[in-house]
Amino acid sequence: HISNIILYTYIIYLQSFHFDGYVLEIWNQFIFAGANVPIVTSIIKSIAQELKKHNLDIILAIPPFRGAQVELFSKQQFDELALYVKAFSLMTYDYSSIQRPGPNSPLNWVKQCIELLVPQKNDLRRSQILLGINFYGYNYTPEGGKAILASEYLDILKSFKGKIHWDDNSKEHFFESKYILL
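Counting in the UniProt record's numbering, the sequence shown runs from 1 upward without gaps.
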């Protein structure tokens, strides 16, 4: 089977470099491509079981709650995969977008994302959730905007003549500047 050959090649690679396992960032790609969820979970379980035979682990990157009618990753999938993966990397960033400017990762939303997967505070499976935290921000402009890193942010602040504000709702800082068109 070609899939077994590929998997064993990956295992040899992991072992040769003394890695502990893989971070699988495949959930969104499969789901957006229209793959059947039970097939995707089966693939992840198979990979995890084979890696565990070699003392190797998987961290599965998963999308956050977006408030849609059908979630991309639900409590059901979490429950089904929790025994197979070492941890889930919950991508709790990019809450807003260029089309819908706002906070990057509001604290209440982050809490909601965790609680939807593992509602009980004392459930030990919460320790399997790794929060994805952004180390960038967004510069929204009349033309759209883009993600910016610290160096770009500092450049903007050099010419900024206002105050940086705290949004108590999202628990994030922000500032607004007016663009003057000449």
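The C-beta atom is built at its ideal place from N, Cα and C for all residues, glycine as well. What you are looking at is a predicted structure, and each value in this text was computed from that prediction instead of being measured.
query, result
"Those residues which DSSP pairs with L149 across a bridge", "Looking at the DSSP assignment, L149 forms no beta bridge with any residue, so it has no partner."
"CA nearest to the CA of Q99, picked from E143, N28 and N108", "E143"
"Distance between beta carbons of K75 and L131, contact taken as under 8 Å", "Actually they are not in contact, since the Cβ atoms of L131 and K75 sit about 17 Å apart, beyond 8 Å."
"Integer Cβ distance of V23 from Q77, believed to fall under 8 Å", "Their Cβ separation, rounded to whole angstroms, is 17 Å, which puts V23 and Q77 out of contact at 8 Å."
"As assigned by DSSP and simplified to three states, the class of N134", "coil"
"As assigned by DSSP and simplified to three states, the class of T92", "coil"
"Residues bridged to T141 [DSSP beta-bridge criterion]", "G144"
"Where A147 falls, given that 16 or more other Cβ within 10 Å makes a residue buried", "exposed"
"Any 3 or more C-beta pairs closer than 8 Å across the segment 76 to 92 and the segment 122 to 129", "yes"
"For I180, the three-state DSSP class (helix, strand or coil)", "Here I180 scores only 48 on pLDDT, less than 50, and its place in the model should not be relied on; the value that follows carries that caveat. Reduced to three states, the DSSP call for I180 is coil."
"Whole beta strand (DSSP E) elements within the segment 19 to 43, 3-residue minimum", "21 to 24"
"Alpha-carbon to alpha-carbon, K111 and L56", "30 Å"
"Supposed close pair P64, T92 - CB separation, criterion 8 Å", "5 Å"
"Residue(s) in a DSSP beta bridge with L60", "L24 and F88"
"Residue burial classification, L107 (beta-carbon count within 10 angstroms, cutoff 16)", "exposed"
"H173 to Y138 span [Cα, whole Å]", "12 Å"
"Close Cβ partners of I6 (< 7 Å) along its chain, the five nearest in sequence each way excluded", "none"
"CB-CB length for N28 against L72, believed under 8 Å", "7 Å"
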